[in-house]
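Heads up: the sequence shown at position 285 corresponds to 285 in UniProt numbering, and the numbers run straight through without jumps. C-beta: ideal position from N, C-alpha, C; glycine also. In this text the structure is predicted, and so the values were computed from the model without any measurement. What follows is a single structure, written as structure tokens, with notes after it.
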Amino acid sequence: MDNTFSQTVNREPVGTLFIKDVDRIDCATFDPSVGVTGKSWYVDVEVGGALDDNGFVYDFSLLKKLVKKILKETVDHALLIPIKSSSVEFESAGDNERWTLSAKTKLIGNNSTWTYECPKGSVYPVRSLKITRNIIEQECTKLVRHRLPNTIQKVAVKLRKEEGDAHSTFFRYTHGITGHEGLCQRLFHGHRSRVEVFVADERRTDLERYVAHDLFGSIVHIASVDQVTSGVYEPGMRMNRDESVSLAYTGSLGTYKAEIPLSRTFFVKSFTSIESITTEVAMHLKERFHIQAPVRVHCYEGIDKGAITEV
Ligand SMILES: Nc1nc2c(c(=O)[nH]1)N=C([C@H](O)[C@H](O)COP(=O)(O)OP(=O)(O)OP(=O)(O)O)CN2
């Protein structure tokens, strides 16, 4: 956002405030050229308008609460779908919605289809042909603008990627946590996550790249074997086969069902929590590379949080 606003409007006292990292979004997006992908962003906000009796554009505390509430009710932990795309089909299914999403993606090498049957609110439909960061920023800006008073003349919501260090490796995953009482039960919510690997306390960026790119294929859905209702699966791996796997479970908000390309699904034996995923990764590295020394893995769940396992 430029800062000319406060300089050019000089008839009444005005100002522009900003809050960096007001919230973080963890969601999933559907892109016809990539498929369903986990995403995480820092959220920054700028708001400009007339000053009140305290000299505030808007109280920081109230703005933080409002932005968090709006994001939680809309895009956070949702699957964002571009409903103007010809790759997207929608049907109502009683209390649920049913979405069919077709992707042509070089990452998988075939035409692939994701289906998602979910309680209302699990999908955030966007009136666009595709979902980009810029389009989500515009959508969030509209949502926040709409809930602020008329004294506010300018709003900008910006999404910022986590940078990491020069050697950081990231992967993107979606998952649903069957028994979670909150929005993490949604089968397609996701994260952009860093992975760090240490062998005998020495950082191993080669193994980090192996985990992100080879084991998980950079973009992956992580399912537990007890979520599978039909299709083949093998815990601890992704299977490079041109077929789908069906997942289903019921949480406190309703029933979730999905069909996902098998080559994009990694199966864990127990839970899809970050603790279980990290343990699965550490065990895999130890066995696959016959490592005798202690292997310590830090897998993030989105930004600044995650789990550590040493084996
Ligand atoms: N110990 C764990 N706790 C939680 C896990 C987990 O794997 N291990 N996972 C989740 C969800 O998957 C969720 O996506 C985490 O996102 P988060 O933003 O922390 O969840 P909230 O929306 O509940 O948090 P806010 O700070 O309110 O945004 C949850 N917990």
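Starting from the C-beta of I303, find all residues in its chain whose C-beta is less than 7 Å away, skip the five residues before and the five after it, and write them out in chain order. Locating residue 303 in the sequence shown gives position 303, counting from the first residue. So the qualifying residues of the chain are R24, S40, Y42 and E162.
Using a threshold of 7 Å, is the CB atom of E162 nearer than that to any non-hydrogen atom of ligand 1? Here residue 162 refers to the residue found at position 162 of the sequence shown. A distance criterion of 7 Å places the beta-carbon of E162 beyond contact range of ligand 1, judged by its closest non-hydrogen atom.
Measuring alpha carbon to alpha carbon, tell me which of E46, L148, A28 and R145 ends up nearest K20. Numbered from its first residue, the sequence shown carries residue 20 at position 20. If we check each option's Cα against that of K20, E46 comes out closest.
Starting from Q292, follow the alpha helix (DSSP H) in both directions and report where the run begins and ends. Mapped onto the sequence shown, residue 292 falls at position 292. For Q292, there is no enclosing alpha helix (DSSP H), as DSSP marks it with neither H nor E.
Just the Cα atoms here: how many angstroms apart are Q241 and Y116? In the sequence shown, residue 241 corresponds to position 241, counting from 1. In the sequence shown, residue 116 corresponds to position 116, counting from 1. Reading the sequence as shown, one finds Arg at residue 241 and not Gln. Taking the straight line joining both Cα atoms gives about 20 Å.
Identify the continuous beta strand (DSSP E) that holds C184 and give its terminal residues. Working through the sequence shown from its first residue, we reach residue 184 at position 184. No beta strand (DSSP E) holds C184; DSSP gives it neither H nor E.
Under 8 Å by Cβ, that's how I've got A78 and V34 pegged, so tell me the actual separation to the nearest angstrom. Locating residue 78 in the sequence shown gives position 78, counting from the first residue. Locating residue 34 in the sequence shown gives position 34, counting from the first residue. About 17 Å separates the CB atoms of A78 and V34; that is not less than 8 Å, and the two are not in contact.
Give a yes or no on whether the C-beta atoms belonging to Y256 and V245 are separated by under 8 Å. For the purposes of this step, residue 256 is identified with residue 256 of the sequence shown, where counting begins at 1. For the purposes of this step, residue 245 is identified with residue 245 of the sequence shown, where counting begins at 1. Result no, Cβ atoms of Y256 and V245 do not sit closer than 8 Å.
What is the rounded straight-line gap between the Cα of S85 and the Cα of L129? By 1-based counting over the sequence shown, the position of residue 85 is 85. By 1-based counting over the sequence shown, the position of residue 129 is 129. Roughly 4 Å between the two C-alpha positions.
With a threshold of 7 Å (Cβ to nearest heavy atom), would C184 be considered close to ligand 1? Taking the first residue of the sequence shown as position 1, residue 184 is located at position 184. Yes - ligand 1 has a heavy atom lying nearer than 7 Å to the Cβ of C184.
Any heavy atom of ligand 1 closer than 7 Å to the Cβ of I222? Walking along the sequence shown from the start, residue 222 turns up at place 222. I222 Cβ: outside cutoff for every heavy atom of ligand 1.
beta-carbon D44 near ligand 1 non-hydrogen atom, thresh 7 Å: Counting from one through the sequence shown, the residue named residue 44 turns up at place 44. No, since every heavy atom of ligand 1 falls outside the 7 Å radius drawn around the Cβ of D44.
Buried or exposed for F227, please, with buried defined as at least 16 other CB atoms from any protein chain shown within 10 angstroms of its CB. For this step, residue 227 is matched to residue 227 along the sequence shown. Strictly speaking, residue 227 in this sequence is Gln, with Phe absent from that position. Answer is buried; the Cβ neighbour count reaches 16.
DSSP has N96 in a bridge; who is on the other side? The sequence position of residue 96 within the sequence shown is 96, counting from 1. Residue pairing of N96 in beta bridges, as defined by DSSP: A93 and P119.
Classification of V295 by the beta-carbon crowding that lies within 10 angstroms, buried from 16 upward: Within the sequence shown, numbered from 1, the residue matching residue 295 stands at position 295. Within 10 angstroms of the beta-carbon of V295 lie 16 or more other beta-carbons, which makes it buried.
To the nearest whole angstrom, what separates the beta carbons of V22 and D44, a pair I think is in contact under 8 Å? As a working note, residue 22 is residue 22 in the sequence shown. As a working note, residue 44 is residue 44 in the sequence shown. Going by Cβ atoms, the distance from V22 to D44 rounds to 7 Å, so yes, they are a contact pair.
Between G254, F30 and V311, which has its C-alpha nearest R133's C-alpha? Here residue 133 corresponds to residue number 133 of the sequence shown, with the count starting at 1. When only C-alpha atoms are compared, the closest one is F30.
Touching or not, the segment 163 to 183 and the segment 206 to 221, by the rule of three or more beta carbon pairs under 8 Å? Between the segment 163 to 183 and the segment 206 to 221 there are three or more C-beta pairs closer than 8 Å, enough to call the two in contact.
Under the three-state DSSP convention, the category A282 falls into: As a first step, residue 282 is located in the sequence shown; it is residue number 282 there, counting from the start. It is helical.
Report the option in A293, I291, Q292 and I308 whose CA atom is closest to the CA atom of C299. As a position in the sequence shown, residue 299 is number 299, starting the count at 1. Distances from the CA of C299 to each of A293, I291, Q292 and I308 were compared; the closest alpha carbon is that of I308.
Hey, would you say the C-beta of H77 is under 7 Å away from at least one heavy atom of ligand 1? As a working note, residue 77 is residue 77 in the sequence shown. Under cutoff, so the answer is yes.
Proximity of R194 and G217 at Cβ, strictly below 8 Å: For this step, residue 194 is matched to residue 194 along the sequence shown. For this step, residue 217 is matched to residue 217 along the sequence shown. For R194 and G217, no; Cβs fall outside 8 Å.
In angstroms with no decimal places, state the Cα-to-Cα distance between D95 and P119. The residue labelled residue 95 in the question sits at position 95 within the sequence shown. The residue labelled residue 119 in the question sits at position 119 within the sequence shown. Answer to the nearest angstrom: the Cα atoms are 6 Å apart.
Looking only at its own chain, which residues have a Cβ that is under 8 Å from the Cβ of T141, when we skip the five neighbours before and after it? Mapped onto the sequence shown, residue 141 falls at position 141. So the qualifying residues of the chain are V155, A156 and V157.
Which residues in the same chain have their Cβ closer than 6 Å to the Cβ of E310, if we skip the five residues on either side of it in sequence? In the sequence shown, residue 310 corresponds to position 310, counting from 1. Taking E310 as the centre and dropping the five residues before and after it, the same chain places the C-beta of P294 and R296 closer than 6 Å to its C-beta, in chain order.
Tell me which residues share the same chain as I70 and place their Cβ nearer than 7 Å to its Cβ, disregarding the 5 neighbours each side in the sequence. As a working mapping, residue 70 is identified with position 70 in the sequence shown. Hits under 7 Å: L143, V144 and R147.
I'd like to confirm the pairing. Which residues does DSSP put opposite K154 in its beta bridges? Counting from 1 along the sequence shown, the entry for residue 154 is found at position 154. According to DSSP, K154 bridges with G48.
Determine the contact status of W114 and A248, defining contact as a CB-CB distance below 8 Å. By 1-based counting over the sequence shown, the position of residue 114 is 114. By 1-based counting over the sequence shown, the position of residue 248 is 248. No, Cβ-Cβ distance for W114 and A248 is not below 8 Å.
Over what stretch of residues does the beta strand (DSSP E) that includes D26 continue unbroken? Within the sequence shown, residue 26 is the residue found at index 26, counting from 1. Per DSSP, D26 belongs to the beta strand (DSSP E) from V14 to D31.
For A28 and F188, the rounded distance between their alpha carbons: Position 188 of the sequence shown holds residue 188. Position 28 of the sequence shown holds residue 28. Here the C-alpha atom of F188 lies approximately 6 Å from the C-alpha atom of A28.
For D26, verify whether its CB is less than 7 Å away from any heavy atom of ligand 1. Taking the first residue of the sequence shown as 1, we reach residue 26 at position 26. Indeed, a heavy atom of ligand 1 lies less than 7 Å from the Cβ.
Contact check, L17 vs V57, beta carbons under 8 Å: The residue you call residue 17 lines up with position 17 of the sequence shown. The residue you call residue 57 lines up with position 57 of the sequence shown. A distance below 8 Å separates the beta carbons of L17 and V57.
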